[in-house]
Amino acid sequence: MPLPTGDTIGILADNLTLRQSVLPIPAKSATRWAAGLELPRGSKTVLYTGLMYQMIPYIAAMNKAQEDIEDSFLVNFIGLGRRINKLINVSSIMARPSKTMQQAYNQILVNIARLLQQAGVQFGYLYEEELYSGALIYDLGMDHVLKEHAQRVYATFKKYGVKKIITVDPHTTNMLRSVYPTLINGYDLTVQSYMEVLVERNIRPRSDLNTAVVMHDSCVYARYENVLNEQRTLLARAGVTVKEPANAGKFTMCCGGPAESLFPKKARDQAQKRVEQIKKVALNAVTMCPICYVNLQKAAGGAVQLEDISSYLVRAYC
Amino acid sequence: MARVNPEFAGAVKESKAFNASACMNCGVCSAVCHMGIELLPRKLFRYVLLGIEEKVLANVETIYSCLLCKMCEVNCPASVHIAENVRFLRHYINKKVYQL
Ligand code: SF4
Ligand code: SF4
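Taken in sequence, the protein lines are chains X and F. Heads up: the first sequence at position 165 corresponds to 165 in full-length UniProt numbering, and the numbers run straight through without jumps. Heads up: the second sequence at position 4 corresponds to 4 in full-length UniProt numbering, and the numbers run straight through without jumps.
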């Protein structure tokens, strides 16, 4: 039996309303990546993680539990779970993230911050005041819940006088750049992905990587936000030959991640299809979205060497 | 015999987001969808426009299985906002069926 759609959406939406995130994670865990970087709190320009990379190790642990539940008698208890979840954070009990995975995902954020510093960008960070963008709640069609949340996010930006936001993943970029302006009157923030900022700043590499890699574009960057050339420009400058799989660029194939919260098995089948396309071109690939990264990695099971694009960029530019 | 629900048809008409009436029923969307969602854009949206709510509600799993990846949308010759239309249906079902 699949997971009960209404109750699962209900739990995620309740979490956003009660705990400001679909999957609440401890503030320490969300901000640990920034330790030692001495980023100022707030500032006119902020690096905004939207908690996406930090949340993935928790989502991975949670999905493991969900996959075990899907097709078992336990699905019948999710309704009860929703009622309990209003009182205590059920997902925090179910999700125990792996330490190595947390370190790997935190390192991606460190890489991105270092790249921006290398390009001479002055930016701050909102630390534990940074909120999740609400992307999943938007996708699931809970617009009324999202609207309230978006106001809270916007108010935090206003509190620190933020004018420009640099995002690290496609989903947060899309929410803050294209969705929020439809929800908030007078929305006046400039939003750019860090790759757009690096290209605009004309960052120059310090070393030539002299290698080749398959590019997996995120649907949201490619088809929603038109971020297509930046990743190619940055890799080409770094001496990386970009190989394109079937369904490349604007016609990229989805990693399956968006189905994960309700239909984990469908998500996995879709990821498998994409991994097969990648494998036909080469056995090393780059992603630029934490959801693509985790889904494809899971489906590849080590058969393809996947890396976040920032890992390549930091080796060449920093 | 399918019944038309005027309340459902009304809600769809009121929505600025739902623009499926431009659909030419060419089938490109179904052909390119990697999830193999054959029903989703063209047939389902037709039911929606006709106000046949029961057909829509019989396909809840399909509606929530869409990845909103827009592969269909970039290939659609009639510029139907397929992903946005799917989100509209989810919003309707969340409220109407799940009381969320
Ligand atoms: S591709 Fe566009 S016009 Fe063709 S059937 Fe699908 S929604 Fe209709
Ligand atoms: S958005 Fe993607 S998953 Fe949904 S119907 Fe279109 S092609 Fe299929």
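Heads up, the beta-carbon is just placed ideally off N, CA and C, and yes, glycines get one too.
Environment of ARG152 (chain X) [buried if 16+ CB atoms lie within 10 Å]: To locate residue 152 (chain X), count along the first sequence from 1; it is residue 152. Exposed, by the Cβ-count rule.
I think ILE165 (chain X) touches TYR48 (chain X), with their Cβ atoms under 8 Å apart; what is that distance to the nearest whole Å? Here the question's residue 165 (chain X) lines up with position 165 in the first sequence. Here the question's residue 48 (chain X) lines up with position 48 in the first sequence. Correct: roughly 5 Å between the Cβ atoms.
Does GLN54 (chain X) pass the burial test, meaning 16 or more other C-beta atoms within 10 Å, or should it be called exposed? Indexing the first sequence from 1 puts residue 54 (chain X) at position 54. Buried is the call here.
Proximity of TYR47 (chain F) and VAL56 (chain F) at Cβ, strictly below 7 Å: In the second sequence, residue 47 (chain F) corresponds to position 47, counting from 1. In the second sequence, residue 56 (chain F) corresponds to position 56, counting from 1. It is a contact, given that the beta carbons lie within the stated cut-off.
Extent of the continuous beta strand (DSSP E) to which GLU307 (chain X) belongs: Start at 1 with the first residue of the first sequence, and residue 307 (chain X) comes out as number 307. GLU307 (chain X) -> beta strand (DSSP E) spans 305-308.
Any idea what DSSP makes of TYR312 (chain X), helix, strand or coil? In the first sequence, the residue the question calls residue 312 (chain X) occupies position 312. In the structure shown, TYR312 (chain X) sits in a helix (DSSP, three-state: H, G or I).
Under 7 Å from any heavy atom of ligand 2, by CB: list those residues in chain order, please. X:CYS254, F:CYS29, F:VAL32, F:CYS33, F:HIS34, F:MET35, F:ILE37, F:LEU40, F:PRO41, F:CYS66, F:LEU67, F:LEU68, F:CYS69, F:LYS70, F:MET71, F:CYS72, F:GLU73, F:ILE82, F:ALA83 and F:VAL86
GLU230 (chain X) versus LEU306 (chain X) - alpha carbon distance: Numbered from its first residue, the first sequence carries residue 230 (chain X) at position 230. Numbered from its first residue, the first sequence carries residue 306 (chain X) at position 306. The alpha-carbon atoms of GLU230 (chain X) and LEU306 (chain X) are separated by roughly 19 Å.
Of all the residues that make up the segment 221-235 of chain X, which are near chain F by a beta-carbon distance shorter than 8 Å? From the segment 221-235 of chain X, only ARG223 and TYR224 have a Cβ closer than 8 Å to chain F.
What I want to know is whether the C-beta of ASN25 (chain F) ends up closer than 6 Å to one or more non-hydrogen atoms of ligand 1. What you label residue 25 (chain F) is simply residue 25 of the second sequence in a count that begins at 1. Yes, Cβ of ASN25 (chain F) sits closer than 6 Å to a heavy atom of ligand 1.
Who are the Cβ neighbours of ALA267 (chain X) in its own chain at under 7 Å, not counting the five residues just before and after it? By one-based count along the first sequence, residue 267 (chain X) stands at place 267. If we look at ALA267 (chain X) and ignore the five residues flanking it on each side, its Cβ neighbours are GLY256, GLY257, ALA259, GLU260 and ASN295.
Cβ-based neighbour list, GLU196 (chain X), same chain, cut-off 7 Å, excluding 5 preceding and 5 following: Within the first sequence, numbered from 1, the residue matching residue 196 (chain X) stands at position 196. So the list reads VAL227 and GLU230, once near-sequence residues are dropped.
Please list, in chain order, the chain F residues whose beta carbon lies closer than 7 Å to that of GLN297 (chain X). To locate residue 297 (chain X), count along the first sequence from 1; it is residue 297. Ordered by position in chain F, no residue passes the 7 Å Cβ test against GLN297 (chain X), which lies about 18 Å from the chain.
Report the rounded CA-to-CA distance for CYS33 (chain F) versus PHE18 (chain F), giving the unit in angstroms. By one-based count along the second sequence, residue 33 (chain F) stands at place 33. By one-based count along the second sequence, residue 18 (chain F) stands at place 18. Going from the Cα of CYS33 (chain F) to the Cα of PHE18 (chain F) covers about 20 Å.
How would you write the range of the beta strand (DSSP E) that MET215 (chain X) sits in, first residue to last? Start at 1 with the first residue of the first sequence, and residue 215 (chain X) comes out as number 215. Where MET215 (chain X) is concerned, the enclosing beta strand (DSSP E) stretches over 211-215.
When you compare the CB of LEU37 (chain X) with every CB in chain F, is at least one pair closer than 7 Å? Numbered from 1 along the first sequence, position 37 holds the residue referred to as residue 37 (chain X). No, its Cβ sits nowhere closer than 7 Å to a Cβ of chain F.
Is there at least one non-hydrogen atom of ligand 1 closer than 6 Å to the beta-carbon of ILE60 (chain X)? On the first sequence, position 60 is the one that residue 60 (chain X) refers to. As written in the sequence, residue 60 (chain X) is Ala, which differs from the Ile given in the question. Remark: the C-beta of ALA60 (chain X) is outside contact range of ligand 1, defined as less than 6 Å to any heavy atom.
With a threshold of 6 Å, establish whether the CB of CYS292 (chain X) neighbours any heavy atom of ligand 1. Start at 1 with the first residue of the first sequence, and residue 292 (chain X) comes out as number 292. Flag unset: Cβ of CYS292 (chain X) not near ligand 1.
Using the beta-carbon of each residue, which ones in chain F are nearer than 8 Å to LYS147 (chain X)? To locate residue 147 (chain X), count along the first sequence from 1; it is residue 147. By Cβ distance, chain F contributes nothing, its closest Cβ being about 12 Å from LYS147 (chain X), past 8 Å.
Please work out which residues of its chain come closer than 8 Å, Cβ to Cβ, to LEU275 (chain X), disregarding the five sequence neighbours upstream and downstream, and give them in chain order. Here residue 275 (chain X) corresponds to residue number 275 of the first sequence, with the count starting at 1. Note that residue 275 (chain X) is Val in the sequence shown, not Leu. The answer, listed in chain order, is LEU296, ALA299, ALA300, ALA303 and VAL304.
Please work out which residues of its chain come closer than 7 Å, Cβ to Cβ, to GLY134 (chain X), disregarding the five sequence neighbours upstream and downstream, and give them in chain order. Working through the first sequence from its first residue, we reach residue 134 (chain X) at position 134. The residues are LEU16, LEU146, HIS149, ALA150 and MET175.
Please state if the CB of THR8 (chain X) and the CB of ALA262 (chain X) are separated by a distance shorter than 7 Å. Walking along the first sequence from the start, residue 262 (chain X) turns up at place 262. Walking along the first sequence from the start, residue 8 (chain X) turns up at place 8. Note that residue 262 (chain X) is Leu in the sequence shown here, rather than Ala. Contact flag set, yes.
Distance, VAL4 (chain F) Cα to MET54 (chain F) Cα: Here residue 54 (chain F) is taken as the residue at index 54 of the second sequence, counted from 1. Here residue 4 (chain F) is taken as the residue at index 4 of the second sequence, counted from 1. Residue identity differs from the one stated: residue 54 (chain F) is Glu in this sequence, not Met. Near 8 Å, if we compare the C-alpha coordinates of VAL4 (chain F) and GLU54 (chain F).
I need the DSSP call for ILE165 (chain X), collapsed to helix, strand or coil. The count along the first sequence starts at 1 and reaches residue 165 (chain X) at position 165. Strand, per DSSP.
Does DSSP classify SER65 (chain F) as helix, strand or coil? Residue 65 (chain F) sits at position 65 when you count from the first residue of the second sequence. Helix at SER65 (chain F).
CB contact below 7 Å: MET215 (chain X) versus chain F: Translated into positions along the first sequence, residue 215 (chain X) becomes position 215. No, no contact with chain F.
For LYS13 (chain F), decide whether its Cβ has a neighbour in chain X, counting only Cβ atoms nearer than 7 Å. Here the question's residue 13 (chain F) lines up with position 13 in the second sequence. No, its Cβ sits nowhere closer than 7 Å to a Cβ of chain X.
List, in order along the chain, the chain X residues whose C-beta lies closer than 8 Å to that of LYS70 (chain F)? Taking the second sequence and counting its residues from 1, one reaches residue 70 (chain F) at position 70. Here the neighbours are CYS219, ARG223 and TYR224.
Cβ-based neighbour list, ASN25 (chain F), same chain, cut-off 7 Å, excluding 5 preceding and 5 following: Within the second sequence, numbered from 1, the residue matching residue 25 (chain F) stands at position 25. Answer for ASN25 (chain F): ARG42, listed in chain order.
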